[in-house]
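Protein chains in written order, with our numbering: chain E, 47 to 559; chain F, 47 to 559.
Right, here's the structure in full:
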């Protein structure tokens, strides 16, 4: 803390920036010193915020309702420029009301925590401010994407890491790209002749899938209600026998099954579909097998847990989001594809203003033609630098620790008074889903009444958590199950004590309900 | 420079980090000082890189061919962790071979330059490391998106800034979202009943459109060849009378025209479609009018140039990428939509694990249901903070200056010996397209032979530019036009002298061809 104050003090010494404006910064001539001073001031604010974020005495969030927050600062945009001092004030205000995602007791999302090497890499990425579409404009980043995707394919188990892949803005887009590839693979004429040239397609997935899969039918498939017809559901898992029956049904109705998305780590329960059995069916009926491992794919890096994805090497494509379980700063999502060349063939449009064929270097490094997007944000450097810093074994240790913590939580509450688990058995991932029953409703006899009350418990406890700012965990209903807590652990800063704290806090805040 | 050295020196004093590893950083207990030291070292590297990037004596790029670059550093990923010192070395190596996008003579893409306030904002965004889907996890950023989108809609000319919108990962995705909205608006049943419930749709756009529009048909429309049939082309502009004729033709063939994408600033020529006339036709035939202003939308901020988009207020949706002409760091693309509520209705899936309806705050701020993506990167803060720092008038001045520079370039070369313009008349945007004819081919009589030679000129000059690292500008062929230079100016660091330099450099490097 002293050091920080010293550094802050040092920077205050050249506090002449207070009366300057953006126009005094680079590219202004003689803007060097002012620019460095300004950026250093910002960095000092950020460093203080980072140190504070890891401190358990700090609030996870200084929560205010939208209308209040609108009043707490002047957020409006003006015609006239503000001073650099005002810019620093805006930075401080923004961080003051931000959620501290690095906080060891922040468990609210699948992406939590803040990795220091990942952060450094993201600062560098912003400074490089370029685009992934060609080797010409991102030589190093394009090579690092190549190196990293190859490594990820090796880990999946494709021989010599052969295949293809791309980083996309998130799991939804990665899954969408996989569906496009599947459609193109089965009906290459779709590229020239369009949707009307292909029969009515149908895709299969487990019901408890992430947000993205629900949205894809909207985009370009058959109808969502038809998809619902063939959704399969059992504790959030695809059951192979059911899958086969549904495929046959769909065929009989005149649909063409073209895509099965098996989920490795469902969003709510963290369940893993049985990949080997599913791949047998996919092979039998010649259907593209996709593994949506946005959440669970990272378990491939753990020798202790990778058996949960046994069979993944049989998939045609895999989505794997390092920004979730591996704590890479947002956004970082990869789509890995087994067949080489397919992505290029599927998406290539030869936009000649970008992908000139007479360039003076090896064009196979121009990746822009592999995706629907033209510009792509540089998401690779964070992952690459973190991998460098931790090594594969560092990621493994981090992932194993999160799973250990969730097992600890599960063991702690499974027989504890006032708790009920939402699904039976040990969680496969770090998702622990449970109800907390406050003493007041614990012994209610009227089951419907009890359910009605229980439904309101999690929202109230969550709202109180946010008001106190002590911790944050997600809740939700699911089907006929009333609101339950969905605890997920991806935060490398969390410890056994934080799990204990969470339980105490839920009980403290729910005591009177 | 002295200051920088002092600061570097200061940090070297606590150079004890050299033997530490990532595991010594936060969240390690007592990791505060080590973390701050490490991050400060990275920042020092970045500050030095920034100052260097703006220096015209520095190379734009230290270019190496892919195979060479692979050898120049150990980029491979290992099982074991590297030291923090190695991490710093990796950062330096990455920047050494990176393209200096901030360099005043970097003209290669539509997105060039590096804004210091935008950069500071991006560093803060990385540090906050959150997701845009709910107010709960991004309270300030969600409010700032709300404030900024409203301001952008006011500038478009929608009364009181009413309407809707979202920031997406880029122009291709923004345009895709617009198409989905158009389809849903005309056929709301598509959401429930799928593609097979709607007739064969057809969309219209000018031929010289950006990369993204060519890709969209692949995704979910009718075939691309059918689309090609109805593509319109004349100097890259939609001609209203042609458009109407094509619409009638398509209807006669049984297609349903549902979407016209007028381009405000084409990628190659920078041409603006006549929006008022196009909107008349769209109204007459009840077709969704989209304006793809990814490149040209920013001209709305210039009182001198916004007439080029007259009629934009009649559009149903507008794509506008502040990461291009406004120099906001990548990525920053907005889709603005005139009708309120439509986005939510079109995309809403009620993923209950994210968008609980019993939360304790105003749910209208949960934006995640407005898009296909689930997680969305925080792209708003860069734009908001830059707007704050420059004011609307600051953006205006920056844009006006780029257009002035391009006019200067156009005037300088239009009658200069050895130059030919690719299209007639003054460019509407900053795109100046031209051929440079080296003395050796300038007076060739055989036209075919001359063309063949000319085609090879731009690639060679460009390759030499990259090898010398002095400047970078794009080239391409188009239709029957052989390779020409496409100069675009979006870099706020560029001056009249840099334009002079570019011309001298082209002549110097092309002299012997």
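Backbone N, C-alpha and C define an ideal beta-carbon position, used for all residues, glycine too.
DSSP three-state label for residue i, please.
i, result
"residue 462(E)", "coil"
"residue 420(F)", "coil"
"residue 328(E)", "helix"
"residue 308(F)", "strand"
"residue 158(F)", "coil"
"residue 449(F)", "helix"
"residue 391(F)", "helix"
"residue 280(F)", "For residue 280(F), the predicted model reports a pLDDT of 38, less than 50, meaning its position is unreliable; a value from the coordinates is still stated below. If DSSP states are grouped into helix, strand and coil, residue 280(F) belongs with coil."
"residue 179(F)", "coil"
"residue 338(F)", "strand"
"residue 247(E)", "strand"
"residue 196(F)", "helix"
"residue 317(F)", "coil"
"residue 252(F)", "strand"
"residue 520(F)", "strand"
"residue 430(E)", "helix"
Quick check on the DSSP output: the alpha helix (DSSP H) that includes residue i runs from which residue to which?
i, result
"residue 81(F)", "78–99"
"residue 225(F)", "217–232"
"residue 556(E)", "542–556"
"residue 134(F)", "130–142"
"residue 512(F)", "493–514"
"residue 488(E)", "485–488"
"residue 527(F)", "Unbroken run through residue 527(F) is the beta strand (DSSP E), 527–533; no alpha helix (DSSP H)."
"residue 474(E)", "No alpha helix (DSSP H) holds residue 474(E); DSSP gives it neither H nor E."
"residue 113(E)", "112–117"
"residue 294(E)", "286–298"
Along the chain, where does the beta strand (DSSP E) containing residue i start, and where does it finish?
i, result
"residue 333(E)", "No beta strand (DSSP E) contains residue 333(E), which DSSP labels as neither H nor E."
"residue 362(E)", "First-last for residue 362(E): undefined, no H or E at that position."
"residue 213(F)", "210–214"
"residue 381(E)", "379–383"
"residue 482(E)", "478–482"
Report the option in the options whose CA atom is closest to the CA atom of residue i.
i, options, result
"residue 517(E)", "507(E), 523(E), 525(E)", "507(E)"
"residue 99(F)", "67(F), 159(F), 133(F)", "159(F)"
"residue 532(F)", "107(F), 476(F), 287(F)", "476(F)"
"residue 92(E)", "136(E), 413(E), 76(E)", "136(E)"
"residue 539(F)", "65(E), 68(E), 69(E), 73(E)", "73(E)"
"residue 177(E)", "146(F), 542(F), 472(F), 469(F)", "146(F)"
"residue 165(E)", "300(E), 428(E), 504(E)", "428(E)"
"residue 483(F)", "473(F), 472(F), 504(F)", "504(F)"
"residue 379(F)", "389(F), 365(F), 388(F), 392(F)", "365(F)"
"residue 376(F)", "168(F), 430(F), 315(F)", "168(F)"
So, does the CB of residue i fall closer than 9 Å to a CB anywhere in chain E?
i, result
"residue 249(F)", "no"
"residue 404(F)", "yes"
"residue 26(F)", "Outside the modelled stretch of chain F, which goes from 47 to 559, sits residue 26(F), for which no answer is possible."
"residue 454(F)", "no"
"residue 408(F)", "yes"
"residue 222(F)", "yes"
"residue 364(F)", "no"
Between residue i and chain F, is there a C-beta pair that is closer than 9 Å?
i, result
"residue 472(E)", "no"
"residue 430(E)", "yes"
"residue 110(E)", "yes"
"residue 512(E)", "yes"
"residue 140(E)", "yes"
"residue 352(E)", "no"
"residue 189(E)", "yes"
Below 7 Å on C-beta distance, what does residue i contact in chain C?
i, result
"residue 157(E)", "Here chain C cannot be found, since the structure's protein chains are E and F."
Review point. In chain order, what residues of the stretch 165–179 of chain E put their CB closer than 7 Å to some CB of chain F?
Key: If you check each beta-carbon in the stretch 165–179 of chain E against every beta-carbon of chain F, the ones closer than 7 Å belong to 165, 166, 168, 169, 170, 172, 173, 174, 175, 176, 177.
Practice item. Could you list the residues in the stretch 118–130 of chain E with a C-beta less than 8 Å from some C-beta on chain F, going in chain order? Key: Hits within the stretch, in order: 121, 122, 123, 124, 125, 126, 127, 128, 130.
Review point. Listed in chain order, which residues of the stretch 61–81 of chain F have Cβ atoms closer than 7 Å to some Cβ of chain E?
Key: From the stretch 61–81 of chain F, only 68, 71, 72, 73, 78, 79, 81 have a Cβ closer than 7 Å to chain E.
Point to revise | Contacting positions in the stretch 472–506 of chain F - beta carbon closer than 7 Å to chain E | key: Those residues of the stretch 472–506 of chain F that come within reach of chain E (Cβ to Cβ, closer than 7 Å) are 505.
Review point. The stretch 532–547 of chain E: which residues have C-beta closer than 8 Å to a C-beta of chain F, in chain order?
Key: Listed in sequence order: 532, 538, 539.
**Study point:** Contact set between the stretch 433–455 of chain F and chain E, restricted to residues whose Cβ is under 8 Å from the partner
**Key:** For chain E, the residues of the stretch 433–455 of chain F that bring a beta carbon within less than 8 Å of one of its beta carbons are 433, 434, 435, 436, 437, 438, 439, 440, in chain order.
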